[in-house]
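Remarks on the structure that follows.
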Amino acid sequence: LNSFDPQALSNIALAFAKAGESHPKLFQKIGDHVAGLMCLDSFYPQALSNTTWAFATAGVSYPALFEKIGGHVAGLMSLDLFKPQELSNTALAFAKAGESHP
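Here it is in structure tokens:
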């Protein structure tokens with residue numbers, strides 16, 4: 001999956017979630033890839049938001065993914081890059097998935 005940019009990965013997961021299709025192997029591969037990255041600096045806020053929303057909407061449990069994204073967002077110096085909708089969708093996805101970040 002290294003040849004896909006972050007927005008493409010999030011769009012793929014988002015498309016499956018919106019279609020009501022939970023493809024466990026696909027979500028596992030995307031989750032493994034994102035959670036295994038050294039950092040998420042290449043992910044724009046929309047890609048982070050769409051990824052968490054897609055996993056939560058598809059009902060795919062992947063705590064390591066939410067931990068990775070939560071840690072990244074919490075570690076940002078400012079949330080100014082996030083549009084209000086992106087930030088609220090990310091928070092909603094965490095709540096819907098039953099995930100929290102200390």
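Residues 1 to 102 in the working numbering are what the sequence shown lists, from first letter to last.
The beta carbon of each residue, even a glycine, is placed where N, CA and C say it ideally should be.
Task: Which of helix, strand or coil DSSP assigns to Asp5 - done: coil
- [ ] Return the CA-CA distance between Gln85 and Ile30, expressed in angstroms with no decimal places.
- [x] 23 Å
Task: Best match in Phe55, Thr57, Pro45, Gly98 for proximity to Ala124 [C-alpha to C-alpha] - done: Since the displayed the chain opens at 1 and closes at 102, residue 124 lies outside it and no answer follows.
Open item on the list: Once DSSP output is grouped into helix, strand and coil, what is the label at Glu99?
Closed with: coil
Open item on the list: According to DSSP, is Ser22 part of a helix, a strand, or is it coil?
Closed with: coil
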